[in-house]
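Worksheet for the structure shown next.
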Amino acid sequence: MENIIIRQMQTDEIEMVHKIGKRAFTGLESLWVPKPKQALVAVKDGKIAGAILYKFIKAGGRKIGYVDYAFVDRDYHNKGIGNVLYKGAAEYLWEQGCDALTALVKDDNVGSWGLFKKNGFARTSFVNLAKQFGFLGALKQYFTTPFCFAIGMDYYVATKNQESVVSTPNSIKQLLAFFLINALLFSVTSLRGLKYDITILVVYLMLLLLTTTTEFIGTRCSSERHWKFRVTSGGALTCVFVNIGSLFPMIGNWYPERYEKTKAFRKAMGMTALVSWIALLILTAFLVFSRSQGMIASVTKQVGVYLLIYRMIPIYPFESFGSKRVYDWNKGIYVVMALATLVVIICSSI
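Residue 1754 in this note's numbering sits at position 284 of the sequence shown, and the numbers go up by one each step.
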């Protein structure tokens, strides 16, 4: 595109790039944008319009160019700058002798991962990463990037020799993995010596089954689209830490095979999350307002409240639980659901 120059960031531009990065992200994400040490900037009409922060990692005997942050200034959105910036960054990193390029992207952030895919990146899993770079090479990438902490994010890889690192999820296998992973995470929670551990675990898994099943029912509202269930690969270590003191499931969702920038698509995404949210809300509300006293009812109510808290927050790191999809589709419906959820949560403690 004319009038867009991709070049190295200058030393006196560090503060400006950092400021633009913080503006580009919302909520807690803006707090995590670091001051760049190495970055490529997109310059339009003499002004920095976006940047890609990167670093190099040695793993499995290979040089990897890791895209740490990629963003475009809000004032320059929808002007094609992202496409030029991502393409220029990929070309630059290949020129530096990288054997592979990697990046972490939020599950529904099609604006970002769509551009990565255009430049040869593909979503992958830790298992496939280990096959490609060896176990130690994959482990190094896992801990030298936010991979281990980034809840709801996926790892993307581009290889110079076009070796296959693509992860093609099978929904049944991914569902089984989802329940197994969360059962294992519960074992961390149970170390606190909770009463009725087995009962809590069974109720927990049944509520996760309820949400995944009703979310699947929500996908039927958009029957022309093909959906697959997938467990996101990022954030496992965060889930372990949080589960020491509370229940916190690993993210798993139904994802469409093809994303679109249309109202109909936003509705389809919103419906999958809304149906699941409503089901969980109705069950928990019934138990709260009926004042059920049985052990199973009490445990179900408590676990349901935990899951509802995560469901109602539409900002990172909670957005992948579904409320962001509802918010992006219809803010009015989101407000109604959030208020109803808040009432149930408050009443559960009375």
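Quick reminder that beta carbons are idealized off the backbone N, C-alpha and C, glycines included. Note that the coordinates shown come from a computational prediction; the quantities given were computed from them, not determined experimentally.
By the 16-neighbour rule on beta-carbons within 10 angstroms, D1543 is buried.
Taking one beta carbon from each stretch, the stretch 1717 to 1732 and the stretch 1752 to 1759 have fewer than 3 pairs nearer than 8 angstroms; the two do not touch. For L1717, the closest of V1701, L1677, H1696, I1748 by C-alpha to C-alpha distance is L1677. Counting along the chain, M1741 sits inside the alpha helix (DSSP H) bounded by residues 1733 to 1759. Take I1803, set aside five residues on each side of it, and the residues of its chain with a beta-carbon closer than 8 angstroms to its own are G1740, L1744, V1796, in chain order.
In this structure E1789 is buried. Its beta-carbon is surrounded by 16 or more other beta-carbon atoms within 10 angstroms.
As a beta-bridge residue in DSSP terms, I1534 pairs with I1527, A1570. In terms of Cβ geometry, T1702 and M1623 form a close pair [threshold 8 angstroms]. Its Cα nearest to that of Y1524, the residue V1503 stands out among G1516, I1518, V1503, D1515. For D1667, the enclosing alpha helix (DSSP H) covers residues 1667 to 1689.
The criterion of a C-beta distance shorter than 8 angstroms is satisfied by M1720 and L1655. Spanning the alpha carbons of T1669 and A1573 requires a straight line of approximately 40 angstroms. When Cβ pairs closer than 8 angstroms are counted between the two stretches, the stretch 1540 to 1555 is seen not to touch the stretch 1609 to 1628, the count staying below three.
By the Cβ test, the stretch 1546 to 1561 is in contact with the stretch 1508 to 1527, since at least three Cβ pairs between them sit closer than 8 angstroms. The DSSP-derived three-state label of Q1480 is coil. Ranked by how close their Cα comes to the Cα of F1596, the residues K1588, A1608, N1589 have A1608 in first place.
In its chain, beyond the 5 residues on either side, R1736 have a beta carbon closer than 6 angstroms to the beta carbon of D1798.
Pairing Q1602 with K1528, the inter-Cα distance amounts to about 14 angstroms. R1477 and I1687 have their alpha carbons spaced roughly 48 angstroms apart. Per DSSP, N1723 is one residue of the beta strand (DSSP E) stretching across 1722 to 1726.
Between S1818 and V1775 the beta-carbon gap is near 5 angstroms, inside 8 angstroms, which marks them as a contact. In the three-state reduction of the DSSP assignment, K1587 falls in the helix class, which pools H, G and I. A straight-line Cα-Cα distance of about 43 angstroms links A1734 and Q1763. With a cutoff of 8 angstroms on beta-carbon distance, T1742 and E1685 are scored as near each other.
A direct Cα-Cα distance of roughly 23 angstroms separates L1707 from L1571. Less than 8 angstroms divides the Cβ of L1675 from the Cβ of F1649.
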